[in-house]
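Number of protein chains: 10
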Amino acid sequence: MSDKLSILETFTNAYPENNYRITHTNSEFTSVCPKTGHPDFATMILEYIPDQLCVELKSLKLYFQSYRNDGIFYESVTNKILEDLVTACKPRYMKMTAEFGVRGGISSVIEAEYLNPEFENSLDIF
Amino acid sequence: MSDKLSILETFTNAYPENNYRITHTNSEFTSVCPKTGHPDFATMILEYIPDQLCVELKSLKLYFQSYRNDGIFYESVTNKILEDLVTACKPRYMKMTAEFGVRGGISSVIEAEYLNPEFENSLDIF
Amino acid sequence: MSDKLSILETFTNAYPENNYRITHTNSEFTSVCPKTGHPDFATMILEYIPDQLCVELKSLKLYFQSYRNDGIFYESVTNKILEDLVTACKPRYMKMTAEFGVRGGISSVIEAEYLNPEFENSLDIF
Amino acid sequence: MSDKLSILETFTNAYPENNYRITHTNSEFTSVCPKTGHPDFATMILEYIPDQLCVELKSLKLYFQSYRNDGIFYESVTNKILEDLVTACKPRYMKMTAEFGVRGGISSVIEAEYLNPEFENSLDIF
Amino acid sequence: MSDKLSILETFTNAYPENNYRITHTNSEFTSVCPKTGHPDFATMILEYIPDQLCVELKSLKLYFQSYRNDGIFYESVTNKILEDLVTACKPRYMKMTAEFGVRGGISSVIEAEYLNPEFENSLDIF
Amino acid sequence: MSDKLSILETFTNAYPENNYRITHTNSEFTSVCPKTGHPDFATMILEYIPDQLCVELKSLKLYFQSYRNDGIFYESVTNKILEDLVTACKPRYMKMTAEFGVRGGISSVIEAEYLNPEFENSLDIF
Amino acid sequence: MSDKLSILETFTNAYPENNYRITHTNSEFTSVCPKTGHPDFATMILEYIPDQLCVELKSLKLYFQSYRNDGIFYESVTNKILEDLVTACKPRYMKMTAEFGVRGGISSVIEAEYLNPEFENSLDIF
Amino acid sequence: MSDKLSILETFTNAYPENNYRITHTNSEFTSVCPKTGHPDFATMILEYIPDQLCVELKSLKLYFQSYRNDGIFYESVTNKILEDLVTACKPRYMKMTAEFGVRGGISSVIEAEYLNPEFENSLDIF
Amino acid sequence: MSDKLSILETFTNAYPENNYRITHTNSEFTSVCPKTGHPDFATMILEYIPDQLCVELKSLKLYFQSYRNDGIFYESVTNKILEDLVTACKPRYMKMTAEFGVRGGISSVIEAEYLNPEFENSLDIF
Amino acid sequence: MSDKLSILETFTNAYPENNYRITHTNSEFTSVCPKTGHPDFATMILEYIPDQLCVELKSLKLYFQSYRNDGIFYESVTNKILEDLVTACKPRYMKMTAEFGVRGGISSVIEAEYLNPEFENSLDIF
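Residue numbers (the working numbering), protein chains in the order written: chain A, -8 to 117; chain B, -8 to 117; chain C, -8 to 117; chain D, -8 to 117; chain E, -8 to 117; chain F, -8 to 117; chain G, -8 to 117; chain H, -8 to 117; chain I, -8 to 117; chain J, -8 to 117.
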């Protein structure tokens, strides 16, 4: 999984003087359960406040698709994607929400956040 | 009911440096009303911020199923399940919400929370 | 399962000169999968045009509850319930619809009908 | 219950040359269960094709309200209301639908129709 | 009310060889109850299959607005509008549906149709 | 109305060490407008954090039903019910929400809260 | 427009010791655009915490109806109604929300609040 | 507009022995009102039963986009698109539905169908 | 793709004297676009009236999963799955509906049916 | 794009003594993707608290329409529109939300805010 990060491309944020929020929702995420080998399906919601970089949309789609045949747990895939996107974009704030379908009568949501310590006190209007 | 706790299995949280939230929703919970003997039906929503342990999903399903033929009141089953899951997972924060179907024209929701005193001041970004 | 039929009670239809339709929807049906031993959950919808008898509502509830710990397949439980209710009510027309929850990413609906041959040509206004 | 019919008022249909449909939906119907003494609640839907008379709306409201403290079964109240409205309006076609709330986990709908034999062959565009 | 008809404008149907359907929905219709003087509010749905003429949209809006301060009953306004639009457009088929808001706990829908006898046998694919 | 309070029954809260929330929603409340004599219909939502006592569900249903033929205004019935339930349960916090149906084109909601001064500073995790 | 205020009637708040909230929603408001002369339609939502006076519901309906043929802009009508209702009721807190229908592809909402300075520090439990 | 037809590409239907239905829904159609010059927006729904040819999806997207700056009426654009797609695909059956947004308080739907006379009697299982 | 058929397992229909309908809905189908290599996502709805055989649910799940990395067009995958299921179950009637997600602003639905000629005249009560 | 600002017209806020909120929602925004040349579609939501000026609604519609054939990225168009509207209206607070349709399985929302430093401490009741 080490070269997934290289799929992500960024472009320069043209409005860095503003704390604005970007949300990309992908309802077509799939990976594989490492325990049962059965596919998992999720809606992935990425929210962030960019600093100098924004994630390029097509590369984000390819990055999500790269998990298609990977065996990875709910909690891990959500945190791993957050880590990669934080590394790629160095945002002021970022949140990943993964909403997984029903398994054994139970649906699951994982939500992980990142707050850039440098901007902790300047994001308050959101 | 004493051995229900042993049904719950946990696994090590791979991202303990993060305060992230996990929500498991089971819309297929049933127990028995201790007063009338009639079955009760509920949607059970477990939200938590893990510390070192996460609850294993299949064991959670079996744990919920173990109440199927138990006679237990709305308020008790919600608090009892919260207690067991806190004991098993030792989370930073946990909430159980039980949404019961209509009885005598009245539907009921019970919500109980647990906040680990050790983490009281470090959960604020949620 | 042979004595389930005796749970059902009926009362005399006070308006037999009319072809009118009765629909009872029970969203709290549960039985057990005979293969896995796991509980199944369904919404059961009974529609019928009574002839001389109507099914008594409380006995219908008890009849549905009697399947709680029976191991029985989707297709069988739907047809079996239709059979029992036709035997008990001798209706002009009857339909059972069973809407089962998600298993392995798949939800299922079973619909079975009965048309009393004696009334085949007199139900056309519905 | 014999004087309920006198509550209903009608006015002359100004467009009898047309087969048009009128639907009045009252979501605030309540009567009493003759068995348990507990109140029942329903949405009442009256559809009809008028002939020479239309039912006056305020009198219809008062007619529905007159059942408030009557003990009467689901099937009976629906057919009785249809009978009274057919008597009062002499319509070409009429249908009463009564949608009752959840009792013992079961909600119920009763639908009864009347087709004026005189108009059997002239209502086909609907 | 006699000059309302003159508000309606039409344009030539460019596809008279086709039986196609046009539906215009106006959720902002208001008139006045002739009995109480209080305003009535409705959603008006006009469906038709044009022959040689289509109703012009802006004139239709003005026509609907012309009822704003008229005292007129539910049944009458629906049939009257159908009559005027049939006169103006000479359609193959036309239907007016008027969905009125809640009065005394009762909401009402009036549906009136017109079928041009000349086209009775040629509209069957709809 | 003085003996309504005696309808309410309570049971001992088995988890008083926890601030947990109970919500009972009754969509079948009806009383009478003291001005017009016409029935009013509401959905009643009771939320509370129990201290030593919980309200027993069947007695709550009977308590709500006792208003069926009482003439009482929206604002009064909501506050009166809150008062009675506070007297009966002595909760840490309680809220009554009454959502009334449309009258004269206007629907109404009344929300009244009670905060037990003793617990003012200990309810903050909710 | 000067005598609109006189339409509003009030009654004495029977529970002034409580900060409770009243919400009246009128989905049938209409006025006229002063620029185009075309009618405007809105849902009007009045929320308030009464002090000594409550607005009487029927007079509120008549007050809203009095704007039917007035030419007035979105922003003005919302603030004007808030002003009149504050004058009539002298509430602790009041909010008017006006949700206008689509014009030129754009729908509009205007929200205006009033906070009685005398109660600024005592409304915090809401 | 004469070369729009050349944008449409087709591929060979691999299952011509079957009468199966294909539905493509494009919620991002826009053209220009020839009268006012303002843009119109619609959801375009194409349903058809292919004979020997299916329309290629990307070419369909480009075909819809080609109307972006064309001035054309609701009725015309719907019939024109149906004509072009019938010419390109020679289907057994085809229907175009165009759902236009609100203009002057009125939303509009245009539905046009084509039935290939050769297949008139063989499409009955749909 | 030739050995996909062997994944499907069946069991004996216990109620062949009845024409009853079975519907299995899988909202987690994914395959690959043969043109772009990008994944496609669909909800697959299988409806059928069994004759002597029913499809076993777990094998159906595995059969759907077997398309995960196959490159196949919308129209082909729907018809191919229908063919395989008809071969495996020899039903009286069967329908496959595939609802694909948005591509280039266009969502697509493919519906294909099979009617067993032997039963053409005996399925009319559905 | 330099002369877009001149399209926007304003009028004097008649209630500057109040902090009230105005929201205009345009569900018919379209521009062009500068990378692919394909059209983008969005719902644009403008919320603001006016100071001395309000934006005139028709000019706002024309301003939004002026982007129809401009090639501009999601992030840029949202911030650019916010900038122009802040320049034109000099509001106390303003927020632009742009909700873009699905591209490559991903839908996107951009939210940007402006807070007038002069009013930072006086907007707290919202």
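Even glycine gets a Cβ: it sits at the ideal position worked out from N, Cα and C. Predicted, not measured: the structure shown is a model, and the values here were computed from it.
Which residues bound the alpha helix (DSSP H) around residue 48(H)? Within the eighth sequence, residue 48(H) is the residue found at index 57, counting from 1. 48 to 56 is the extent of the alpha helix (DSSP H) around residue 48(H).
Helix, strand or coil: which one does DSSP assign to residue 91(I)? Counting from 1 along the ninth sequence, the entry for residue 91(I) is found at position 100. DSSP places residue 91(I) in strand when its eight states are reduced to three.
Go through its chain and collect everything with a Cβ distance to residue 58(J)'s Cβ below 6 Å, but skip five positions before and after it. For the purposes of this step, residue 58(J) is taken as residue 67 along the tenth sequence, with counting starting at 1. So the list reads 22, once near-sequence residues are dropped.
If you run the structure through DSSP and keep just helix, strand and coil, what is residue 80(A)? What you label residue 80(A) is simply residue 89 of the first sequence in a count that begins at 1. Looking at residue 80(A) - three-state DSSP - the assignment turns out to be helix.
Please list, in chain order, all residues of the same chain as residue 60(C) whose beta carbon is under 7 Å from its beta carbon, the five residues on each side excluded. By one-based count along the third sequence, residue 60(C) stands at place 69. Once the five neighbours on either side are set aside, the close Cβ partners of residue 60(C) are 23.
Buried or exposed: residue 117(B), going by 16 or more other Cβ atoms within 10 Å of its Cβ? Start at 1 with the first residue of the second sequence, and residue 117(B) comes out as number 126. In this prediction, residue 117(B) scores a pLDDT of 45, lower than 50, which makes its location untrustworthy; no coordinate-derived value is stated.
Which residues DSSP lists as bridging residue 64(I), in chain order: Numbered from 1 along the ninth sequence, position 73 holds the residue referred to as residue 64(I). DSSP, once it has assigned bridges, lists no residue as partnering residue 64(I).
Within-8 Å CB hit, residue -5(J) to chain G: For the purposes of this step, residue -5(J) is identified with residue 4 of the tenth sequence, where counting begins at 1. No, residue -5(J) lies away from the interface with chain G (no Cβ there is under 8 Å from its Cβ).
Element boundaries [beta strand (DSSP E), containing residue 6(E)]: One-based indexing of the fifth sequence puts residue 6(E) at position 15. That residue, residue 6(E), is in no beta strand (DSSP E); it is neither H nor E in DSSP.
What is the rounded straight-line gap between the Cα of residue 99(C) and the Cα of residue 55(I)? As a position in the third sequence, residue 99(C) is number 108, starting the count at 1. As a position in the ninth sequence, residue 55(I) is number 64, starting the count at 1. Straight-line Cα distance between these residues: approximately 15 Å.
Excluding the five sequence neighbours on either side, which residues of its own chain have a C-beta within less than 6 Å of the C-beta of residue 34(F), listed in chain order? Taking the first residue of the sixth sequence as position 1, residue 34(F) is located at position 43. So the list reads 18, 90, once near-sequence residues are dropped.
According to the neighbour-count rule (16 or more other Cβ atoms, all chains shown, within 10 Å of its Cβ), is residue 4(C) buried or exposed? The residue you call residue 4(C) lines up with position 13 of the third sequence. Residue 4(C) is buried by the Cβ-count criterion.
Around the C-beta of residue 109(I), are 16 or more other C-beta atoms found within 10 angstroms, so that it is buried, or is it exposed? As a working mapping, residue 109(I) is identified with position 118 in the ninth sequence. Result: exposed.
Measuring only between beta-carbons, confirm whether residue 59(E) sits less than 8 Å from chain G. For this step, residue 59(E) is matched to residue 68 along the fifth sequence. So yes, residue 59(E) belongs to the interface.
So, is residue 69(F) buried or exposed, given that buried needs 16 or more other C-beta atoms within 10 angstroms? One-based indexing of the sixth sequence puts residue 69(F) at position 78. Counting Cβ neighbours within 10 Å, residue 69(F) comes out buried, since at least 16 surround it.
Given a cut-off of 8 Å, decide if residue -2(B) and residue 50(B) are closer than it, judged by their beta-carbon atoms. Locating residue 50(B) in the second sequence gives position 59, where the first residue counts as 1. Locating residue -2(B) in the second sequence gives position 7, where the first residue counts as 1. Cβ distance < 8 Å, so residue 50(B) and residue -2(B) count as in contact.
Less than 8 Å between C-beta atoms, sequence neighbours within five positions excluded: which residues of the same chain meet that for residue 85(E)? Stepping through the fifth sequence from its first residue, residue 85(E) is reached at position 94. 37, 38, 39, 40, 73, 76, 77, 104, 105.
Looking only at DSSP bridge pairs, what is residue 22(G) linked to? Residue numbering aside, residue 22(G) sits at position 31 when the seventh sequence is read from its first letter. Answer by DSSP bridge pairing, in chain order: 31(G).
Shorter than 8 Å from the beta carbon of residue 114(G) to some beta carbon of chain J? One-based indexing of the seventh sequence puts residue 114(G) at position 123. No, no contact with chain J.
Just how far apart, CA to CA, sit residue 101(I) and residue 12(H)? Translated into positions along the ninth sequence, residue 101(I) becomes position 110. Translated into positions along the eighth sequence, residue 12(H) becomes position 21. If you take the alpha carbons of residue 101(I) and residue 12(H), they lie about 6 Å apart.
Delimiting residues of the beta strand (DSSP E) encompassing residue 99(B): Locating residue 99(B) in the second sequence gives position 108, where the first residue counts as 1. 97 to 106 is the extent of the beta strand (DSSP E) around residue 99(B).
Below 8 Å between beta carbons: does that hold for residue 53(B) and residue 15(B)? Numbered from its first residue, the second sequence carries residue 53(B) at position 62. Numbered from its first residue, the second sequence carries residue 15(B) at position 24. Their beta carbons are not under 8 Å apart, which means residue 53(B) does not touch residue 15(B) by this criterion.
Please state the DSSP three-state secondary structure of residue 44(G). Counting from 1 along the seventh sequence, the entry for residue 44(G) is found at position 53. It is a strand residue.
8 Å is my cut-off, CB to CB: does residue 92(G) come that close to chain H? Within the seventh sequence, residue 92(G) is the residue found at index 101, counting from 1. Yes, because at least one Cβ of chain H sits closer than 8 Å to the Cβ of residue 92(G).
Quick one, which of 25(H), -5(H), 45(H), 27(H) has its alpha-carbon nearest residue 10(H)'s? To locate residue 10(H), count along the eighth sequence from 1; it is residue 19. Here the closest residue by C-alpha is 45(H).
Looking only at C-alpha atoms, which of 29(C), 79(C), 80(C), 83(C) sits nearest to residue 62(C)? For the purposes of this step, residue 62(C) is taken as the residue at position 71 of the third sequence. That would be 29(C), whose Cα lies nearest to the Cα of residue 62(C).
Measuring straight from C-alpha to C-alpha, what distance separates residue 27(D) and residue 20(D)? Within the fourth sequence, residue 27(D) is the residue found at index 36, counting from 1. Within the fourth sequence, residue 20(D) is the residue found at index 29, counting from 1. Distance between residue 27(D) and residue 20(D), taken at the CA atoms: about 18 Å.
Taking only three categories from DSSP, how would you classify residue -4(C)? What you label residue -4(C) is simply residue 5 of the third sequence in a count that begins at 1. In the structure shown, residue -4(C) sits in a helix (DSSP, three-state: H, G or I).
Within 10 Å of its beta-carbon, does residue 82(H) have 16 or more other beta-carbons around it, so buried, or fewer, so exposed? On the eighth sequence, position 91 is the one that residue 82(H) refers to. Buried.
Among 65(I), 8(I), 79(I), the one whose alpha carbon lies nearest that of residue 1(I): In the ninth sequence, counting from the first residue as 1, residue 1(I) sits at position 10. Ranking the options by Cα distance to residue 1(I), first place goes to 79(I).
Who are the near neighbours of residue -5(D) in its chain, counting only those whose CB is closer than 7 Å to its CB and skipping five residues on each side? Taking the fourth sequence and counting its residues from 1, the one referred to as residue -5(D) is at position 4. Spatial neighbours of residue -5(D) in its own chain (CB-CB distance under 7 Å, excluding positions within 5 residues in sequence) are listed in chain order as 54, 57, 75.
Identify the contact partners of residue 32(J) in chain H, using a Cβ-Cβ distance below 9 Å as the criterion. What you label residue 32(J) is simply residue 41 of the tenth sequence in a count that begins at 1. Simply 18, 19, 21, 32.
What residues in the stretch 41 to 68 of chain A bring their beta carbon closer than 7 Å to a beta carbon of chain I? 56, 59
Ordered along the chain, which non-local residues of its own chain (more than five positions away) have a Cβ less than 8 Å from that of residue 107(D)? Counting from 1 along the fourth sequence, the entry for residue 107(D) is found at position 116. Spatial neighbours of residue 107(D) in its own chain (CB-CB distance under 8 Å, excluding positions within 5 residues in sequence) are listed in chain order as 42, 81, 82, 83, 84.
Strictly below 7 Å CB to CB, what residues from chain B border residue 79(F)? Mapped onto the sixth sequence, residue 79(F) falls at position 88. Within chain B, no residue comes near residue 79(F); the closest Cβ sits about 16 Å away, beyond 7 Å.
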